[in-house]
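Below is one structure, written out as structure tokens; comments come after it.
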Amino acid sequence: MWGSMFRWLDPYAKPETLYHLCGRWLPYLMTLAIATLLLGNIWGLAFSPPDYQQGDSYRIIYIHVPSAIWSMGAYSSMAIAAFIGLVWQIRVAQWAVLAIAPIGAVYTAIALITGAAWGKPMWGTWWVWDARLTSELVLLFLYLGVIALSGAFSEAARGIKVASLLAIVGVVNLPIIHYSVEWWNTLHQGATITKFAKPSIDPSMLWPLLISLLGLALLLAALTCLRLRSQILIFEQHRPWVRQLVEQQHEEQS
Amino acid sequence: MAFTSWADFWAMGGYALFVWLSFGTTYGLLLGLWWYSKRQHQQIQQQIRAKAAREQRVRQHQEREK
Amino acid sequence: MSIILAAEALSCVRQDRVLFENLSFQLSAGQVLYIQGKNGAGKSSLLRLLAGLTLPEDGRILFRGKPLSEQAEVFAEHLLFIGHHSGIHPQLTALQNLAFWAAISEQAVADPYQLLGSLGLAGLEDIPCFMLSAGQQRRVSLARLWFSSQLLWILDEPFTSLDQQLIAKLEQHFLQHLAKGGVIVLTSHQHLAAEYPALQAIELEYRW
Amino acid sequence: MSIILAAEALSCVRQDRVLFENLSFQLSAGQVLYIQGKNGAGKSSLLRLLAGLTLPEDGRILFRGKPLSEQAEVFAEHLLFIGHHSGIHPQLTALQNLAFWAAISEQAVADPYQLLGSLGLAGLEDIPCFMLSAGQQRRVSLARLWFSSQLLWILDEPFTSLDQQLIAKLEQHFLQHLAKGGVIVLTSHQHLAAEYPALQAIELEYRW
Amino acid sequence: MVMWRALVQRELQLLGRQKADWLNPLVFFLLVLSLFPLGIGPEPGMLKQIAPGLVWIAALLSVLLSAERLFKDDYRYGVIEQLVARRQGLFSYVTAKICCHWLSTGVPLVLVSPLIAVLLGLDWQSWQVLLVTLLLGTPVLSLLSVLGAALTMAADKGGILQALIILPLYIPLLIFASGAMEAAATALPYTGQLAVLVAFLLFALALVPLAVRQALRMNVG
Amino acid sequence: MVMWRALVQRELQLLGRQKADWLNPLVFFLLVLSLFPLGIGPEPGMLKQIAPGLVWIAALLSVLLSAERLFKDDYRYGVIEQLVARRQGLFSYVTAKICCHWLSTGVPLVLVSPLIAVLLGLDWQSWQVLLVTLLLGTPVLSLLSVLGAALTMAADKGGILQALIILPLYIPLLIFASGAMEAAATALPYTGQLAVLVAFLLFALALVPLAVRQALRMNVG
Ligand code: HEM
Ligand SMILES: Nc1ncnc2c1ncn2[C@@H]1O[C@H](COP(=O)(O)OP(=O)(O)OP(=O)(O)O)[C@@H](O)[C@H]1O
Ligand SMILES: Nc1ncnc2c1ncn2[C@@H]1O[C@H](COP(=O)(O)OP(=O)(O)OP(=O)(O)O)[C@@H](O)[C@H]1O
Ligand SMILES: [Mg+2]
Ligand SMILES: [Mg+2]
């Protein structure tokens, strides 16, 4: 039953088709992503009104929140790809794991850095061991673990499979980490710092946020396409179609 | 427009360091990732070409050996 | 005679290189498949494919007429695979190593001292294996061939580091296994000395 | 002819067992010492003694008439030892491994690509060595014999995992080295095929 | 069952021959614990306050590092390759490894806990909680460490890669175990934390052996 | 000198191929550092007080464990055996290993020290002292770790044995380095401690390479 349910996906699981598909989507996705991201960010930076409490520092929200949300989104899509790749032995899904992992890591790093830069004016310190911050840091370590593991094997195909397994184990643990950290922190220190208070946000602030959110999502998709193409080339390089393609592109360039 | 002048805009109400630090590192990291992925893609193509060339070399070598 | 192991249009790729393509053969009971080829031709890779450790890029392997993928467990039960590495833990003694392998394949070794003695290891049965010489370690590993009841043996360069006397003994044992209807797949850079009733040789070419 | 390497009443004990006693021989320029013996007879142990890696229980080793212990540095300069392990780092490429060994022995490899190509490794020069097959790794390790200028070669089972073609090539190279006045000490379970002008064979007995 | 017993026996033989495999982690644990007073300063008040965390961090490092070589030898000498080719014994092999790893590293930690209590100046009550958390927590530590060892088996990197992979997964355990001890030290109820530890244990027991088997298969294939 | 350059080049090639060898210890260091707040509790005051000790314990573990596999590969594949038989290159080989080990693990720690300062809430002054102690102390750490790796090369035990051997030797370093940082935090003079660190460094530089060479010889013979 599972087999037939996903039969329609089969042509997309064919590396060659997928390679060309990604190639076709890439320019559209990339332009769209850059346009939306810039629109949202510039709107947020220059046109939306300052926050009555935080002044202009709140404008960091336009990258902090999207990158924080998509850092987790990227992890779940990576884990889903890993699951599909391992259970149904679909190789392109396994390759997608390696395509997404660095993007997720960069998003997480952005969320951490922008959060820290926001924390300094708001809380007076770059870093506190708050629940959400800590679990974001752990998320970064999980990404780094997946990347490190996938690179640690002499045979790339093996590294990818093992890293996929780790990604799945990690997803089981992510909620556990999240709740345990939350519990831990509330026990240790009360709400001494007002943070993450969710004021009913003004539409003129909300729209650019939503647009930025969409922008980073599109960028995630675009970068995944780009990186997946590289992965396909790596793992299919012995195929005639790859050889031909590479030769062709070389001739076109020169 | 929430700011009255460009200078105002760059000053970000006194929070310039933090805001521009955030946006700077964000775009820096994203551009870096994009550049890295692009370069990786090209390197792989180069490697594939190098391998094809190498195969040629090996064939020649084997011809000579025979 | 029934066909036990068959390969249909196998091909194998390592890294980016095609090692062999479209390789087919059929082995029936009592036959030896002797795989030859230069260094790097792909002999070990082929054996690992046949043992089900890796999956072929193309083609399929049949055991008693059914594809491996449909009966991995059954196949594994009838298989004895010894690769480049011996499967011997260097900290354990020869006896302990034998006991481990006997337990895994759920067989009993009637008289391990007798067996090890007949392989020239008398007196070395309870010394950790790292204290044995290269060839002696290999002997411990091959001792499994004497108490196992598996049908299909896949052996990668079984003669490495063995002296001539033990090679002769091993080949005699191969003949016995074949006479009982077993099947052997092996590689070696040394010529086989014994007379095999039904020997199939495959020469893999070193390709680029 | 001058005597290059000589052993006087050597004996070797491993664990609690005497492997050999009172072993003496003399090797002059252009001679091969071919050590034979069953598995565990003590061949590798003897070679390690001769290479100065371990000290003999009794007896002494002379190099050009002087005991080893008095001129360890000089002896080491003239020695090329390749044991059971190949001395190849698996993460480095064949070229990098060669460069390392060349630097250590302060020699230069004129044309490494040419050398590796002639050993059948064309196209594999810049791949990390773990991606090579067992025999190919062995070939990289033996490439040192082609650019080294040492007088005395001590080789433990150099033919392991090599195919027949490369064994023949290697033996040709041995002959050249001997013709230049070199000395070779080696063990092998395979018979030597080439005609050596001055071959000394020692058969070590497996003793208990 | 016969097979399982034989496999456990093999592990015990290995442990018997390589006593260092269970003695070293224990000494390492004590050594790391005694580094803290040296690095941090020996004020008893502060030490006592941070003791729960320290014990658990030291335990974590020592169990983790002791697992590092668990599969390496068997992999290098081709044992695992042949087990995977045989398919049958693999699961028994995995569970035997896990059990023996806990026996050889978790149990000794539990046994030296009185010594820890003395070193760090814990009182009677705290020691009891330490004992219970160690009893519940070290099996989870062992399970996760074995998973890390299996994942990195063919990786030819040292324990540091394994630590990198597994430490993030340990964090919940660390939090709840040291949380329980802290609660006990301040005379608060701590059964909640213990219940969570039990839940972790059951969860890990159910899933980890399967994941380990899968990891071994992948590392060979 | 030509030989030495070639040897350093080989090490750098290895590091270039195995980037994990210097990236992993760095991430491990940060990971261990962030375990402490999780285990001990996040109060900034307390963290700041024990920060010097924590940084130095984490640095110690990460440098130590990263050295673990330094000679293993070369030993296993017979490189060291042949080097010992040749005698000549051995000392150059040892010094090249030590230099590259420090470059690949000590220097990155120094470089991430600002990040540490942020995570543990150190002030400007403390950070400076941290930087200086790291610059003086990490070479000693590297030297001692390499010695440990050489001693345990043939032992086929994991990093834990090496840790056991070397940790006791580290203790003086730990005491003086964290002493300097503590003194700085309380605005006391700390040049005395730094002078002692310099003395350690010179002492170790003079003796350790010789000891390492000897250890390699013994392990092969
Ligand atoms: C290093 C520091 C920080 C990190 C790692 C961090 C992390 C995160 C994460 C992971 C989220 C997503 C939560 C979710 O979607 O469930 C988030 C959301 C958010 N963060 Fe941060 N944060 C940091 C600092 C800050 C600071 C200083 C502020 C403001 C004072 C802030 C304000 C927000 C807001 C308003 C949201 C959206 C809340 C929501 O939608 O639930 N963050 N942050
Ligand atoms: N590491 C060791 N520790 C103790 N004893 C050993 C060790 N290695 C070998 N021996 C003993 O020394 C004897 C000789 O071993 P050696 O390796 O020299 O044999 P060999 O002639 O090279 O055999 P092979 O043909 O198998 O290589 C063996 O019988 C063994 O019992
Ligand atoms: N781990 C590996 N990763 C990538 N490629 C490999 C690996 N092992 C072998 N290869 C490649 O596959 C080819 C075949 O290797 P294989 O080990 O099957 O050869 P073989 O016929 O067994 O040779 P030998 O006689 O030397 O044992 C080699 O030329 C090598 O380039
Ligand atoms: Mg082979
Ligand atoms: Mg030998």
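Chains as they are written, first to last, in this note's numbering: chain G, 6 to 259; chain V, 209 to 274; chain F, -8 to 199; chain W, -8 to 199; chain S, 84 to 304; chain E, 84 to 304. Ideal placement from N, C-alpha and C gives every residue a C-beta, glycine not left out.
Check your understanding: Under a CB-based cut-off of 9 Å, is W/A113 close to chain V?
Key -> It does; some Cβ of chain V falls within 9 Å.
Point to revise | Spatially closest choice to W/S35 from W/P81, W/A99 and W/F11, by CA coordinates | key: That would be W/F11, whose Cα lies nearest to the Cα of W/S35.
**Study point:** By C-beta, the residues closer than 5 Å to any heavy atom of ligand 2, given in chain order
**Key:** Qualifying residues come out as F/M122, F/S124, F/A125, F/G126, W/R5, W/Q6, W/N30, W/G31, W/A32, W/G33, W/K34, W/S35 and W/S36.
Check your understanding: If you compare alpha carbons, which of G/L43, G/A168, G/A121 and G/E21 is closest to G/F88?
Key -> Among G/L43, G/A168, G/A121 and G/E21, the Cα nearest to that of G/F88 belongs to G/A168.
Practice item. With 8 Å as the C-beta to C-beta threshold (strictly closer), list the residues of the segment 153 to 167 of chain E near chain W in chain order. Key: Listed by position along the chain: D156, D157, R159, Y160, G161, V162, E164, Q165, L166 and V167.
Point to revise | Local conformation of F/T200 per DSSP, three classes | key: Summary: the structure shown does not reach residue 200 of chain F, with chain F confined to residues -8 through 199, and so no result is reported for it.
Point to revise | Cβ neighbour criterion (16 or more within 10 Å) applied to W/F57 | key: Looking at the sequence itself, residue 57 of chain W is Lys, so the reference to Phe does not match. Note on W/K57: under 16 other CB atoms within 10 angstroms of its CB, so exposed under the neighbour-count rule.
Review point. So who's on the other strand from S/R170, going by DSSP bridges?
Key: According to DSSP, which records beta bridges pairwise, S/R170 is partnered with nothing at all.
**Study point:** Environment of E/M236 [buried if 16+ CB atoms lie within 10 Å]
**Key:** Classification of E/M236: buried, given that the 10 Å Cβ count is 16 or more.
Point to revise | Reference S/S175, options S/V303, S/A141, S/V85 and S/L143, closest by Cα | key: Among S/V303, S/A141, S/V85 and S/L143, the Cα nearest to that of S/S175 belongs to S/V85.
**Study point:** G/G195 versus E/P127 - alpha carbon distance
**Key:** Confidence at G/G195 is low in this model, with a pLDDT of 39, below 50, so the placement of that residue is unreliable and no value is reported for it.
Practice item. Could you check the C-alpha separation between G/E160 and S/G122 for me, to the nearest Å? Key: Straight-line Cα distance between these residues: approximately 42 Å.
Check your understanding: Should E/A294 be flagged as near chain G, meaning a C-beta pair shorter than 9 Å?
Key -> Chain G, which has no Cβ nearer than 9 Å to the Cβ of E/A294, makes this no.
Exercise for review: With hydrogens ignored, establish whether the beta-carbon of F/E148 is closer than 8 Å to any heavy atom of ligand 4.
Suggested key: Yes - ligand 4 has a heavy atom lying nearer than 8 Å to the Cβ of F/E148.
Check your understanding: Residues of chain F with a CB under 9 Å from the CB of W/W199: which are they?
Key -> Residues of chain F passing the Cβ test: A113 and G114.
Practice item. Please look up how many angstroms separate the CB atoms of E/G161 and W/G74, rounded, as I've assumed it's under 8 Å. Key: So it is a contact: roughly 6 Å between Cβ atoms.
Check your understanding: Excluding five sequence neighbours on each side, which residues of the same chain lie with their C-beta closer than 6 Å to the C-beta of E/A200?
Key -> In its chain, beyond the 5 residues on either side, W210 have a beta carbon closer than 6 Å to the beta carbon of E/A200.
Exercise for review: For W/S(-7), name the three-state secondary structure that DSSP assigns.
Suggested key: Annotated three-state conformation of W/S(-7) is coil, per DSSP.
Check your understanding: Quick one: what does DSSP say G/Y67 is sitting in, helix, strand or coil?
Key -> If DSSP states are grouped into helix, strand and coil, G/Y67 belongs with the helices.
Point to revise | S/F283 versus E/V279: straight-line alpha-carbon distance, rounded | key: Those two C-alpha atoms are separated by around 47 Å.
Exercise for review: Following the continuous alpha helix (DSSP H) through F/W137, name the residue where it begins and the one where it ends.
Suggested key: Element bounds for F/W137: R135 to F138.
Check your understanding: If you count every other CB in all the chains shown that lies within 10 Å of the CB of W/H182, and 16 or more means buried, which is it?
Key -> Exposed is the label assigned to W/H182, since fewer than 16 other Cβ atoms lie within 10 Å of its Cβ.
Review point. Relative to ligand 3, is the shortest distance from any of its heavy atoms to the C-beta of G/E160 smaller than 8 Å?
Key: Under cutoff, so the answer is yes.
Exercise for review: Give, in chain order, every unbroken run of the alpha helix (DSSP H) that is at least 4 residues long and sits entirely within the segment 53 to 80 of chain W.
Suggested key: The segment 53 to 80 of chain W contains these whole alpha helix (DSSP H) runs: 63 to 68.
Practice item. Report yes or no: is there a C-beta of chain G within less than 9 Å of the C-beta of E/L106? Key: With 9 Å as the cut-off, E/L106 counts as an interface residue toward chain G.
Practice item. Just list the alpha helix (DSSP H) runs in the segment 102 to 135 of chain G, keeping only unbroken ones of 4 residues or longer that don't cross its boundaries, in chain order. Key: Whole alpha helix (DSSP H) segments, 4+ residues: zero.
Review point. Regarding F/R8 and ligand 3, is the C-beta to nearest heavy atom distance less than 8 Å?
Key: For ligand 3, at least one heavy atom lies less than 8 Å from the Cβ of F/R8.
Point to revise | Beta-carbon proximity check, G/G109 vs G/A101, cutoff 9 Å | key: Contact annotation: G/G109 and G/A101 have beta-carbon atoms that are not nearer than 9 Å.
Exercise for review: Could you list which residues in chain G have their beta carbon closer than 9 Å to that of F/R8, in chain order?
Suggested key: By Cβ distance, chain G contributes H243.
Review point. Would the C-beta of F/H75 count as close to ligand 4, meaning under 8 Å from any of its heavy atoms?
Key: With a cut-off of 8 Å, the C-beta of F/H75 is classified as near ligand 4, since at least one heavy atom of the ligand falls inside that distance.
Exercise for review: Taking only the alpha-carbon atoms, compute the straight-line gap between W/S15 and E/G304 and give it to the nearest angstrom.
Suggested key: Rounded to whole angstroms, W/S15 to E/G304 spans 22 Å at the Cα level.
**Study point:** Within-9 Å CB hit, G/E257 to chain V
**Key:** It does not; no Cβ of chain V falls within 9 Å.
Check your understanding: Are the C-beta atoms of F/H76 and some chain S residue less than 9 Å apart?
Key -> Yes, because at least one Cβ of chain S sits closer than 9 Å to the Cβ of F/H76.
Review point. So, is E/L194 buried or exposed, given that buried needs 16 or more other C-beta atoms within 10 angstroms?
Key: Under this definition E/L194 is an exposed residue.
Practice item. Counting only the same chain and skipping the five closest in sequence on each side, list residues whose C-beta sits under 7 Å from that of G/L228. Key: Taking C-beta separations shorter than 7 Å and ignoring five residues to either side along the sequence, the partners of G/L228 in its chain run I108, following chain order.
Exercise for review: Verify the contact flag: W/T178, CB atom, against every heavy atom of ligand 5, threshold strictly below 8 Å.
Suggested key: Indeed, a heavy atom of ligand 5 lies less than 8 Å from the Cβ.
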